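Enquirer: Counting in the working numbering, the sequence shown runs from 1346 upward without gaps. Every residue, glycine too, gets a C-beta built ideally from N, C-alpha and C. Since we're looking at a predicted model, the values are computed, not measured.
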Amino acid sequence: MKVLGIMGSPRVGGNSDILLDEALAGAKQAGADVEKIILNKLKISGCHDCKKCNETGICVLKDDMPEIHKKILEADAIIHSCPVYFWTMTAQMKAYLDRWCALFDAKWRWQKQYYPKMKGKRIGLITVCGDPNVHTADPIVHSFKSTADMTKLNWLGAVMASATDKGEISKDEKAKKQAFELGEKAAS
Ligand SMILES: Cc1cc2nc3c(=O)[nH]c(=O)nc-3n(C[C@H](O)[C@H](O)[C@H](O)COP(=O)(O)O)c2cc1C
1346 MKVLGIMGSP RVGGNSDILL DEALAGAKQA GADVEKIILN KLKISGCHDC KKCNETGICV
1406 LKDDMPEIHK KILEADAIIH SCPVYFWTMT AQMKAYLDRW CALFDAKWRW QKQYYPKMKG
1466 KRIGLITVCG DPNVHTADPI VHSFKSTADM TKLNWLGAVM ASATDKGEIS KDEKAKKQAF
1526 ELGEKAAS
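(1) Quick one, what's near ligand 1 if you take every residue whose CB is closer than 5 Å to any heavy atom, in chain order?
(2) Only counting the same chain, and skipping five residues up and downstream in sequence, which positions put a Cβ closer than 7 Å to that of Cys1446?
(3) Between the segment 1448 to 1468 and the segment 1394 to 1411, do three or more beta carbon pairs fall short of 8 Å?
(4) Suppose only complete runs of 3+ residues qualify. What are the beta strand (DSSP E) ranges in the segment 1387 to 1463, listed by chain order?
(5) Between Ser1426, Pro1428 and Leu1384, which has its C-alpha nearest His1414's C-alpha?
(6) Indicate whether Val1348 and Ala1506 have their beta-carbon atoms separated by less than 8 Å.
(7) Please confirm if the segment 1429 to 1436 is in contact with the segment 1485 to 1492, defined as three or more CB-CB distances below 8 Å between the two stretches.
(8) Cβ of Gly1502 within 8 Å of Cβ of Ile1424?
(9) Suppose you measure from the CA of Asp1394 to the CA of Ala1370; what does that come to, to the nearest Å?
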């Protein structure tokens, strides 16, 4: 059982990172092998919509995303963690998500060669926003849940938290518990 964590904030050690670590600790405790990818440390350009991947399932862009595609395919569950930037996800997370295109054919079905690995894969989300109203992050949840629904991924749910300063979320026991439980669920 492999659980992959995708960290979408540029703030390493920040709120999204802390909650993702909680989730991965939960997954580890439940027996999973875990790995965390910090998107901001990698080079991931936006999708060029060249459509070449529609035929091959291989992205022509030469950056770090093809390596992440491999890790996505190998994982049993993927937990994303992302702060709200201007009412949506960070640029790092959006570039990553758009590059999922390579996994689909022209009709937005899984590429045949990827279907056996993507079918039923679990996907979860953690969001953090500065606004005390956690629903400020609803657009991020909408993006990930809609992707899961369209592709019949197994939606694990979203943990939505609120914090502003770096590391502030470590005082939020409820959010940390929810993130830990999300990780346990991902690995069960
Ligand atoms: C460029 C930028 C834009 C932001 N936009 C929003 C926003 O639209 N709504 C909101 O509630 N918080 C916003 N925030 C606050 C962050 O979501 C908040 O500080 C969060 O805790 C950051 O998480 P992190 O520590 O994981 O990076 C913004 C922060 C930055 C740096």
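Expert: On the basis of the supplied data:
(1) Ser1354, Arg1356, Gly1359, Asn1360, Ser1361, Pro1428, Val1429, Tyr1430, Phe1431, Trp1432, Val1473, Cys1474, Gly1475, Asp1476, Thr1481, Ala1508 and Thr1509
(2) Cys1392 and Cys1398
(3) yes
(4) 1422 to 1428
(5) Leu1384
(6) no
(7) yes
(8) no
(9) 37 Å
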